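Asker:
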Amino acid sequence: MESYKVELETIAQKLTQSRLNCGKSMKNCADAIGTTVSRYKKIESGELIPTLPELETLSYFFNVPMIALIGKQEGKQETSSAAPNPNTLFHLVEIRNSVIGTLLQIEREKKSITLKDMAARCEITRSRMKRYESGLSGIPLNDLLKIAAVLSIDLNAFFDRNSPIGIWQKSQQTLLAFLALPAEIQDFVTDRTNLPYLELAQKMKNLRPEDLEVMSEAIQLILQNLPLN
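Read in order, the letters of the sequence shown are residues 911 to 1139 in this note's numbering.
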């Protein structure tokens, strides 16, 4: 998955624009992430910074890639085959909060950093840090970025990869990567008659450098022994 340069100051604006683009109400969005309408209003106004699981869920709910919400690239609305059910999405937010909290605790303990020291380095109270690690409280993205910096972890390490939302996000990244290719490469890849060449390229990618060298020498030997017309 690609690396993101997070722009915290534009998240609220992009959430509002994405919500309006897909015709969702603030209540729809609040229900999707399992929060109140008043808290969601504060997220869109920029008073509160959402958690990573909330952003992942809203990205899925709006049918826009994550980078459209947290990065520099402008989001483009895509047509979804099936509308996400907000009544089930907020359960995924709760699960993701727990997963991220556990990952933070594991990484902190691996680096032999005490909870008290971790809280001090991040300028977060010890009790709040404890709630973050236990999954009882979602971690606002600004706090998650500070924690990740202290632990020397890339934000990508916290991204969902296994739930329906994570799988969808991966497919969106694959699509964006494909659309970024030159037109002639896209045409080549989508032509099924070129499948053998793509399969060959995939196999060659997994070869060791010494194997490629042997293969190159073999091809040169064959060419040298070809009869001249």
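Just so you know, even glycine gets a beta-carbon here, dropped at the ideal spot from N, CA and C. Since we're looking at a predicted model, the values are computed, not measured.
May I ask you to list the residues that DSSP assigns as paired with Pro1050?
Answerer: Against the sequence shown, residue 1050 aligns to sequence position 140. Answer is Thr961.
Asker: Look at the alpha carbon of Lys1056 and the alpha carbon of Cys1032, and state the distance between them as a whole number of angstroms.
Answerer: Within the sequence shown, the letter at position 146 stands for residue 1056. Within the sequence shown, the letter at position 122 stands for residue 1032. Distance between the alpha carbons of Lys1056 and Cys1032 is about 6 Å.
Asker: Grab me the residues of Tyr950's own chain with a C-beta within less than 6 Å of its C-beta, minus the 5 sequence neighbours each way, in chain order.
Answerer: Taking the first residue of the sequence shown as 1, we reach residue 950 at position 40. Closer than 6 Å at Cβ, skipping near neighbours: Met936, Cys939 and Ala940.
Asker: For Lys1026, report the span of its alpha helix (DSSP H) as first-last.
Answerer: The count along the sequence shown starts at 1 and reaches residue 1026 at position 116. Leu1025 to Cys1032 is the extent of the alpha helix (DSSP H) around Lys1026.
Asker: Would you decide whether Gly933 is buried or exposed? Buried here means 16 or more other CB atoms lie within 10 Å of its CB.
Answerer: For this step, residue 933 is matched to residue 23 along the sequence shown. It counts as exposed.
Asker: I need the straight-line Cα distance from Met1114 to Leu1085, nearest angstrom please.
Answerer: Here residue 1114 refers to the residue found at position 204 of the sequence shown. Here residue 1085 refers to the residue found at position 175 of the sequence shown. Between Met1114 and Leu1085, the C-alpha separation is close to 24 Å.
Asker: Roughly how many whole angstroms lie between the Cα atoms of Glu919 and Gly956?
Answerer: Counting from 1 along the sequence shown, the entry for residue 919 is found at position 9. Counting from 1 along the sequence shown, the entry for residue 956 is found at position 46. Answer to the nearest angstrom: the Cα atoms are 8 Å apart.
Asker: Answer yes if the segment 1002–1009 comes into contact with the segment 955–972, meaning at least three C-beta pairs across the two stretches below 8 Å, and no otherwise.
Answerer: Cβ pair count under 8 Å is three or more, so yes.
Asker: Report the three-state DSSP secondary structure of Gly1011 (helix, strand or coil).
Answerer: Position 101 of the sequence shown, counting from 1, holds the residue named residue 1011. In the structure shown, Gly1011 sits in a helix (DSSP, three-state: H, G or I).
Asker: Can you grab the Cα-Cα spacing for the pair Asp1101 / Val1124, in whole Å?
Answerer: In the sequence shown, counting from the first residue as 1, residue 1101 sits at position 191. In the sequence shown, counting from the first residue as 1, residue 1124 sits at position 214. Distance between the alpha carbons of Asp1101 and Val1124 is about 31 Å.
Asker: By the DSSP assignment, the alpha helix (DSSP H) with Glu917 in it spans what residues?
Answerer: Along the sequence shown, one-based indexing puts residue 917 at 7. Looking at the DSSP string, Glu917 is not in any alpha helix (DSSP H), and its letter there is neither H nor E.
Asker: Could you name the residues of the same chain whose beta carbon sits closer than 7 Å to that of Gln1096, not counting the 5 residues immediately before and after it, in chain order?
Answerer: One-based indexing of the sequence shown puts residue 1096 at position 186. Contacts found: Phe1088.
Asker: Given the structure, does Ser969 come close to the ligand HEM, in the sense that its CB is under 7 Å from one of the ligand's heavy atoms?
Answerer: Ligands displayed in this structure: none; no statement on the ligand HEM is therefore possible.
Asker: Cα-Cα, which of Lys952, Tyr1107, Pro1119 and Gln1134 is closest to Gln923?
Answerer: For the purposes of this step, residue 923 is taken as residue 13 along the sequence shown, with counting starting at 1. With distances taken between Cα atoms, Gln923 lies closest to Lys952.
Asker: Using DSSP with H/G/I as helix, E/B as strand and the rest coil, what is Ser1062?
Answerer: Sequence index remark: in the sequence shown, residue 1062 carries index 152 (1-based). In this structure, Ser1062 counts as coil in the three-state DSSP scheme.
Asker: Out of Phe972, Asn973, Val974 and Pro963, point me to the one whose CA is closest to Gly1011's CA.
Answerer: Here residue 1011 refers to the residue found at position 101 of the sequence shown. Per the Cα distances, Pro963.
Asker: Output the distance between the C-alpha atoms of Asn905 and Val947, rounded to the nearest integer angstrom.
Answerer: There is no way to answer for residue 905, as the model of the chain reaches only from 911 to 1139.
Asker: How about Leu925 and Leu979: are their beta carbons less than 8 Å apart?
Answerer: Translated into positions along the sequence shown, residue 925 becomes position 15. Translated into positions along the sequence shown, residue 979 becomes position 69. For Leu925 and Leu979, yes; Cβs fall inside 8 Å.
Asker: For Ala1067, count neighbouring C-beta atoms within 10 Å of its own C-beta (all shown protein chains included) and say buried if the count is 16 or more, exposed if not.
Answerer: The count along the sequence shown starts at 1 and reaches residue 1067 at position 157. So Ala1067 counts as exposed.
Asker: Could you name the residues of the same chain whose beta carbon sits closer than 7 Å to that of Ser1044, not counting the 5 residues immediately before and after it, in chain order?
Answerer: Taking the sequence shown and counting its residues from 1, the one referred to as residue 1044 is at position 134. Correct list, in chain order: Gly1011.
Asker: Are Pro1050 and Thr961 closer than 8 Å when you measure CB to CB?
Answerer: Translated into positions along the sequence shown, residue 1050 becomes position 140. Translated into positions along the sequence shown, residue 961 becomes position 51. Yes; because the gap between Cβ atoms is below 8 Å, this pair is in contact.
Asker: Could you compute how far the alpha carbon of Arg1006 sits from the alpha carbon of Asp1070?
Answerer: Numbered from its first residue, the sequence shown carries residue 1006 at position 96. Numbered from its first residue, the sequence shown carries residue 1070 at position 160. Cα-Cα distance, rounded: 8 Å.
Asker: By a C-beta neighbour count over all protein chains shown, 10 Å radius and 16 as the cutoff for buried, is Ala1029 buried or exposed?
Answerer: In the sequence shown, the residue the question calls residue 1029 occupies position 119. That one is buried.
Asker: Could you tell me whether the Cβ atoms of Ile1063 and Glu1017 are closer together than 8 Å?
Answerer: Along the sequence shown, read from residue 1 onward, the residue named residue 1063 stands at position 153. Along the sequence shown, read from residue 1 onward, the residue named residue 1017 stands at position 107. Yes; because the gap between Cβ atoms is below 8 Å, this pair is in contact.
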